[in-house]
Amino acid sequence: MQFRTRAIHVGHHADPHTGAVVPPIHLASTFVQPGAGEWGPYNYARSGNPTRNAVEEVVASLEGCGPGTDHPEGGALAFASGMAAIHGVTSSLKAGDHVLAGSDLYGGAYRLFHKVMNRAGVEVSLADATDLTAFEKGFRPNTRLVWVESPGNPRMSIVDLAAVAELAHKHGALAACDNTFATPVLTRPLELGLDIVMHSATKYYGGHSDLMGGLLAARDKAVYEDLKFIQNATGGIMDPLSCFLCSRGVKTLELRVREQCRSAQRLAEWLDQHPAIGRVLYAGLPAHPGHAIAKRQMQGGFGAMITFELSAGFEAGKRLCKATRLFQLAVSLGAVESLIEQPASMSHASYDAADRAKHGITDGMIRLSVGLEAYDDLQADLEQAIAAATR
């Protein structure tokens, strides 16, 4: 079955008792067992829940792991948030291990890597993953995990995922990718050789700004089983209602992402020609340094996230964020409504100021999440906001 067909049908089984096309939400925290010491398919909701299993089944299919895929012994896991999912991966490490991460990195991941994992004795260093020669110099004898994003947040850098996976395996490390911006509609990292892919399900998977969740998919049985053990042992699971909402969102994932990409491409091209804009960071623009890799690695679009800078600077950027009417000033992304934010003061405020400057996160950056509104309305909104901010 094609991607969009699997998104609708895999894991979505009609209720055997009522015939309901939409499966019920199972809220039970515990399940009756056949006998003492005899276990049924479910025993305690932290360990497994039919509603959670349904979303994990469809995610595994879309990401390319689990039954019916090229990696049948792998699978997917649903966590309480994207950060809980990342923490699930880092919990597989031990004191003395080293993580090599890309330098274009979500602020929450940066905070976890530098201000939580260090307490457990895990070392983390950042390097430019778009420069493979420089990135390889970041490996150490104790490097056990490589963590990258593509497109990166917020600079929209593009990483050659297949090449990074090859480097990681050469040095005896697992390769993992935060694929939230690209979604499996555009990029499937497991098919490119990576071991683990992570998504904030709060974003495109859910698609409606009404759930919190995180997803992991792993192609190798041992890696998957270890992550599943950690999920159960630490308990950071996605709740049944969020699982239900995520399953609902998956059904329209491809249609939403394709349309959002079309609008984002047009907006990026328009912004790139606007006299008040200093630069536009979007892989769909031929001048973007990662354009060629993105064209090869992303299928049918370059994502719906755009970062740009106003020539007038930081204060003008703050005024722009307050002047939009359709683009709502809020963190998060990937839903049907368009959002705008200033990374330095919002999504990436957890970065140390020196690290923001070092890794190219300028104070004047503005990040857009392009939603499903009519393109002409979005362009008009930005036009009036830019005018208001720079007059």
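Whatever position you read off the sequence shown (first residue = 1), add 5 for our numbering. Even for Gly, the Cβ is constructed at its ideal location relative to N, Cα and C. Remember, predicted model here, so these are calculated numbers, not experimental data.
CB of residue i within 8 Å of CB of residue j, strictly
{"i": "phenylalanine 87", "j": "methionine 203", "result": "For clarity, residue 87 is glycine in the given sequence; the question names phenylalanine instead. Result yes, Cβ atoms of glycine 87 and methionine 203 sit closer than 8 Å."}
{"i": "threonine 56", "j": "histidine 17", "result": "no"}
{"i": "methionine 122", "j": "leucine 286", "result": "no"}
{"i": "glutamate 346", "j": "leucine 331", "result": "no"}
{"i": "leucine 377", "j": "glutamine 304", "result": "no"}
{"i": "alanine 19", "j": "alanine 12", "result": "no"}
{"i": "valine 15", "j": "glutamate 78", "result": "no"}
{"i": "alanine 359", "j": "methionine 217", "result": "no"}
{"i": "serine 374", "j": "serine 343", "result": "yes"}
{"i": "tyrosine 229", "j": "glycine 339", "result": "no"}
{"i": "glycine 308", "j": "alanine 288", "result": "yes"}
{"i": "glutamate 388", "j": "arginine 9", "result": "no"}
{"i": "valine 383", "j": "leucine 272", "result": "Looking at the sequence provided, one finds leucine at residue 383 rather than valine. Against a cut-off of 8 Å, the Cβ pair of leucine 272 and leucine 383 comes out as a contact."}
{"i": "alanine 125", "j": "valine 151", "result": "no"}
{"i": "alanine 59", "j": "proline 28", "result": "yes"}
{"i": "leucine 137", "j": "leucine 166", "result": "no"}
{"i": "isoleucine 163", "j": "leucine 179", "result": "no"}
{"i": "leucine 98", "j": "phenylalanine 140", "result": "no"}
{"i": "glycine 306", "j": "arginine 263", "result": "yes"}
DSSP state of residue i mapped onto helix, strand, coil
{"i": "alanine 65", "result": "helix"}
{"i": "glycine 80", "result": "strand"}
{"i": "leucine 286", "result": "strand"}
{"i": "glycine 254", "result": "helix"}
{"i": "methionine 370", "result": "strand"}
{"i": "valine 129", "result": "strand"}
{"i": "alanine 273", "result": "helix"}
{"i": "glycine 87", "result": "helix"}
{"i": "threonine 239", "result": "helix"}
{"i": "tyrosine 49", "result": "strand"}
{"i": "threonine 138", "result": "helix"}
{"i": "glutamate 43", "result": "strand"}
{"i": "threonine 74", "result": "coil"}
{"i": "alanine 223", "result": "strand"}
{"i": "threonine 23", "result": "coil"}
Selected residue, minimal CA-CA separation from residue i, among the options
{"i": "glutamine 302", "options": "Ala19, Met6, Thr188", "result": "Thr188"}
{"i": "phenylalanine 186", "options": "Gln38, Met310, Phe118", "result": "Met310"}
{"i": "alanine 33", "options": "Ala273, Gly53, Ala25", "result": "Gly53"}
{"i": "serine 96", "options": "Leu82, Thr135, Pro28, Leu232", "result": "Leu232"}
{"i": "threonine 207", "options": "Ala83, Asp386, Ala170", "result": "Ala83"}
{"i": "threonine 148", "options": "Val127, Thr74, Pro245, Met217", "result": "Val127"}
{"i": "alanine 89", "options": "Pro194, Ala292, Arg116", "result": "Arg116"}
{"i": "alanine 328", "options": "Pro245, His174, Ala390", "result": "Ala390"}
{"i": "proline 319", "options": "Ile366, Tyr356, Leu276, Ala297", "result": "The question names proline, yet the displayed sequence has phenylalanine at residue 319. Phenylalanine 319 has its Cα closest to that of Ile366, out of Ile366, Tyr356, Leu276, Ala297."}
{"i": "aspartate 183", "options": "His174, Glu196, Leu110", "result": "Leu110"}
{"i": "glycine 80", "options": "Arg51, Val169, Ala227", "result": "Ala227"}
{"i": "histidine 353", "options": "Ala379, Asn58, Gly157", "result": "Gly157"}
{"i": "tyrosine 356", "options": "Ala167, Gly113, Pro194, Asp136", "result": "Gly113"}
{"i": "leucine 5", "options": "His119, Ala125, Arg124", "result": "Summary: the structure shown does not reach residue 5, with the chain confined to residues 6 through 396, and so no result is reported for it."}
{"i": "threonine 2", "options": "Ala180, Leu150, Glu154, Leu195", "result": "The shown model of the chain, from 6 to 396, leaves out residue 2, and the question about it has no answer."}
{"i": "serine 337", "options": "Pro159, Leu166, Ala170", "result": "Pro159"}
{"i": "glycine 322", "options": "Arg193, Arg396, Gln270", "result": "Arg396"}
{"i": "tyrosine 380", "options": "Leu197, Ala125, Arg267", "result": "Arg267"}
{"i": "serine 66", "options": "Ala269, Leu166, Leu172, Gln7", "result": "Gln7"}
{"i": "glutamate 154", "options": "Ala134, Ala125, Val190, Thr138", "result": "Ala134"}
{"i": "histidine 76", "options": "Leu199, Val37, Ala50, Lys363", "result": "Leu199"}
{"i": "alanine 394", "options": "Pro348, His364, Leu325", "result": "Leu325"}
{"i": "alanine 50", "options": "Ala297, Val37, Ala269, Trp275", "result": "Val37"}
{"i": "glycine 241", "options": "Gly40, His92, Trp44", "result": "His92"}
{"i": "threonine 257", "options": "Val341, Ala168, Cys248, Asn48", "result": "Val341"}
{"i": "alanine 385", "options": "Lys300, His296, His279, Ala299", "result": "His279"}
Short CB-CB distance (under 8 Å) between residue i and chain D
{"i": "leucine 387", "result": "No chain D appears in the structure shown, which is made up of a single protein chain."}
Can you find at least 3 beta carbon pairs, one from the stretch 208-215 and one from the stretch 223-237, that sit closer than 8 Å?
As far as the Cβ criterion goes, the stretch 208-215 does not touch the stretch 223-237, which means the pair count is below three.
Would you check if there are 3 or more beta carbon pairs closer than 8 Å linking the stretch 313-329 to the stretch 370-386?
Taking a cut-off of 8 Å for Cβ pairs, the stretch 313-329 and the stretch 370-386 touch, as three or more such pairs fall below it.
Contact the stretch 67-79 vs the stretch 217-224: 3+ CB pairs below 8 Å
Yes, the stretch 67-79 touches the stretch 217-224.
Check whether the stretch 140-147 touches the stretch 93-110, counting contact only when three or more Cβ pairs, one atom from each stretch, lie closer than 8 Å.
Look at the beta carbons and you see the stretch 140-147 touching the stretch 93-110: at least three pairs across the two are nearer than 8 Å.
Every unbroken alpha helix (DSSP H) within the stretch 295-349, with a cutoff of 4 residues, ordered by chain:
Whole alpha helix (DSSP H) segments, 4+ residues: 296-302, 319-328.
Taking only runs that begin and end inside the stretch 90-121, name each unbroken alpha helix (DSSP H) of 4 or more residues, in chain order.
112-120, all fully within the stretch 90-121.
Going residue by residue through the stretch 144-221, where are the continuous beta strand (DSSP E) segments of at least 3 residues, counting only ones entirely within it?
Counting whole runs of 3 or more residues, the stretch 144-221 contains the beta strand (DSSP E) stretches 148-154, 179-183, 201-205.
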